[in-house]
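Chains as they are written, first to last, in the numbering used here: chain B, 1 to 115; chain C, 116 to 228.
Every residue gets a Cβ at the ideal spot worked out from N, C-alpha and C, and that includes glycine.
Data block below; observations after.
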């Protein structure tokens with residue numbers, strides 16, 4: 001597609017429920033990144049994909065968080081047994097290759113609210 | 116490990132006045148530096164980037180930034196701010212090669228009439 005698409009744009013869930021957040025990167029972009037943006041905390045790196053593999057998942061905050069990418073395209077971030085501290089905006093970004101010089105193209109994010 | 120500091124959480128500038136947003140980075144070698152802007156409810160948009168060459172880089176929307184190795188800084192400037200520039204601005208750093216960008220906590224720019 002023309003840009004990075006994320007869905008849903010907003011998600012309200014009850015504490016303890018599981019949620020899935022979707023990212024559809026720009027066609028042909030092999031690198032995909034997930035970040036979390038909490039109020040006053042800036043952007044926190046979660047996980048990086050190159051193709052379908054995740055060489056760097058060092059930012060996932062707990063084992064309740066997981067992500068996968070299929071067909072070198074769409075990625076899903078899953079949060080199990082959601083907690084209130086998971087409330088944040090989850091941003092997805094992609095780049096043509098994993099070369100820092102290119103920078104990233106970001107989606108508009110999914111705002112997750114855990115009540 | 117690389118890190119980024121944006122010392123100003125909020126800045127208010129009068130419309131038409133000049134702007135400078137500060138960014139300091141920590142990284143041993145030559146960094147790759149970026150400025151992004153985020154409008155409310157939107158994702159981040161790349162304003163400009165530096166990874167080699169001329170230390171003064173021009174970006175979109177009339178923004179520029181200067182890389183100063185001696186000060187470990189990459190400050191963002193604009194000579195005349197417009198009300199539409201009100202947004203949150205993020206500085207980011209990567210290392211030379213294949214790395215993940217590290218972002219600062221952002222500076223919220225408010226533009227007064």
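Option nearest residue i by Cα separation, candidates the options
{"i": "residue 44 (chain B)", "options": "B:87, B:59, B:52 and B:12", "result": "B:59"}
{"i": "residue 118 (chain C)", "options": "C:129, C:155, C:139 and C:135", "result": "C:139"}
{"i": "residue 114 (chain B)", "options": "B:75, B:89, B:30 and B:100", "result": "B:89"}
{"i": "residue 177 (chain C)", "options": "C:207, C:129, C:195 and C:187", "result": "C:195"}
{"i": "residue 198 (chain C)", "options": "C:116, C:227, C:173 and C:191", "result": "C:227"}
{"i": "residue 169 (chain C)", "options": "C:163, C:214, C:225 and C:182", "result": "C:182"}
{"i": "residue 222 (chain C)", "options": "B:42, B:101, B:8 and B:110", "result": "B:42"}
{"i": "residue 109 (chain B)", "options": "B:36, B:66 and B:55", "result": "B:36"}
{"i": "residue 136 (chain C)", "options": "C:130, C:122 and C:116", "result": "C:122"}
{"i": "residue 26 (chain B)", "options": "B:73, B:66, B:57 and B:7", "result": "B:73"}
{"i": "residue 87 (chain B)", "options": "B:61, B:5, B:56 and B:28", "result": "B:61"}
{"i": "residue 200 (chain C)", "options": "C:116, C:129 and C:124", "result": "C:129"}
Distance, residue j Cα to residue i Cα
{"i": "residue 63 (chain B)", "j": "residue 152 (chain C)", "result": "32 Å"}
{"i": "residue 22 (chain B)", "j": "residue 10 (chain B)", "result": "12 Å"}
{"i": "residue 126 (chain C)", "j": "residue 71 (chain B)", "result": "44 Å"}
{"i": "residue 40 (chain B)", "j": "residue 167 (chain C)", "result": "31 Å"}
{"i": "residue 16 (chain B)", "j": "residue 80 (chain B)", "result": "7 Å"}
{"i": "residue 204 (chain C)", "j": "residue 20 (chain B)", "result": "28 Å"}
{"i": "residue 34 (chain B)", "j": "residue 94 (chain B)", "result": "9 Å"}
{"i": "residue 155 (chain C)", "j": "residue 186 (chain C)", "result": "31 Å"}
{"i": "residue 18 (chain B)", "j": "residue 75 (chain B)", "result": "16 Å"}
{"i": "residue 54 (chain B)", "j": "residue 157 (chain C)", "result": "26 Å"}
{"i": "residue 91 (chain B)", "j": "residue 24 (chain B)", "result": "12 Å"}
Within-8 Å CB hit, residue i to chain C
{"i": "residue 108 (chain B)", "result": "yes"}
{"i": "residue 101 (chain B)", "result": "yes"}
Close-in-space but distant-in-sequence residues of the same chain around residue i (CB under 7 Å, 5 per side omitted)
{"i": "residue 14 (chain B)", "result": "115"}
{"i": "residue 84 (chain B)", "result": "15 and 114"}
{"i": "residue 102 (chain B)", "result": "95 and 96"}
{"i": "residue 12 (chain B)", "result": "113 and 115"}
Presumed contact (8 Å Cβ cut-off) between residue i and residue j, rounded CB distance
{"i": "residue 210 (chain C)", "j": "residue 165 (chain C)", "result": "With a Cβ gap of about 13 Å, residue 210 (chain C) and residue 165 (chain C) do not count as contacting."}
{"i": "residue 49 (chain B)", "j": "residue 77 (chain B)", "result": "With 8 Å as the limit, residue 49 (chain B) and residue 77 (chain B) do not qualify as a contact, their Cβ atoms being about 11 Å apart."}
{"i": "residue 51 (chain B)", "j": "residue 30 (chain B)", "result": "6 Å"}
{"i": "residue 159 (chain C)", "j": "residue 172 (chain C)", "result": "Contact flag wrong, Cβ pair sits at about 18 Å."}
Beta-carbon contacts of residue i that lie in its chain and below 6 Å, excluding the five residues immediately before and after
{"i": "residue 147 (chain C)", "result": "166 and 209"}
{"i": "residue 133 (chain C)", "result": "194"}
{"i": "residue 104 (chain B)", "result": "93 and 95"}
{"i": "residue 131 (chain C)", "result": "195"}
{"i": "residue 192 (chain C)", "result": "135 and 179"}
Residue-level contact to chain B via CB, residue i, 8 Å cutoff
{"i": "residue 210 (chain C)", "result": "yes"}
{"i": "residue 127 (chain C)", "result": "no"}
{"i": "residue 145 (chain C)", "result": "no"}
{"i": "residue 216 (chain C)", "result": "yes"}
Cβ shell of residue i (< 8 Å), same chain only, five flanking positions each side left out
{"i": "residue 207 (chain C)", "result": "119, 148, 149, 150, 151, 216, 217, 218 and 219"}
{"i": "residue 67 (chain B)", "result": "34, 46, 47, 49, 54, 57, 60, 75, 76, 77 and 78"}
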